[in-house]
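Q: I'd like to ask some things about the structure below.
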Amino acid sequence: MTNRAFCDWCGDAMVVIPSGRPRRYCRRSHRQRAYEARRLAERMGLDRGEALISADVLARVRDRLSVLRAAVHDVERDLADAGDYRAAFRHLYRAAMDLTEVRLEPIAVLADVEG
């Protein structure tokens, strides 16, 4: 069995190497982006646990969450009426896959993690 951890920047899975210090980032560029985001967050006066993302990214996430929410509602209704689980699953899966394509890369962040 392979142990997995997740990149603190992009959230992608990483293979855990059993020896040495645990990795926090999947790439050096993600470590650098996280450093730059922390510095910017400090200059902007953000509190720990707060992040700043672009309005465009926020709008895309909200739109896709709305689509997913509607798909869940549709599936609940369809299963109550007809019980066609395969079609309901495909509908919900398509809506969920759209959301998985969104990458939340903050502009500035003061993460509430130890580091």
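Going by the working numbering, the sequence shown opens with residue 5, and the numbers climb by one from there.
Yeah, the Cβ is synthetic: ideal placement off N, Cα and C, and Gly gets one too.
Would the region 77-92 and the region 45-57 be scored as touching if the rule is three or more Cβ pairs under 8 Å?
A: The region 77-92 is not in contact with the region 45-57.
Q: Quick check on DSSP: helix, strand or coil for VAL20?
A: Of the three classes helix, strand and coil, the one that applies to VAL20 here is coil, per DSSP.
Q: Suppose the cutoff is 7 Å on Cβ atoms and the five residues either side in sequence are ignored; what does the same chain contact list for ARG107 look like?
A: Excluding positions up to five away in sequence, the list reads CYS14.
Q: Could you check whether the region 96-104 touches the region 66-75, counting it as contact only if at least three pairs of C-beta atoms, one from each stretch, sit closer than 8 Å?
A: The region 96-104 vs the region 66-75: in contact.
Q: Within 10 angstroms of its Cβ, does GLU118 collect 16 or more other Cβ (buried), or is it exposed?
A: Low local confidence applies: a pLDDT of 44 at GLU118 is under 50, so the model's placement there is unreliable, with the coordinate-based value given in what follows. By the neighbour-count rule (16 or more Cβ atoms within 10 Å), GLU118 is not buried but exposed.
Q: Please report the straight-line C-alpha distance between ALA92 and ALA63, rounded to a whole angstrom.
A: Roughly 26 Å between the two C-alpha positions.
Q: Which residue marks the beginning of the beta strand (DSSP E) containing ARG32, and which one marks its end?
A: Not the beta strand (DSSP E): ARG32 falls in the alpha helix (DSSP H), residues 32-48.
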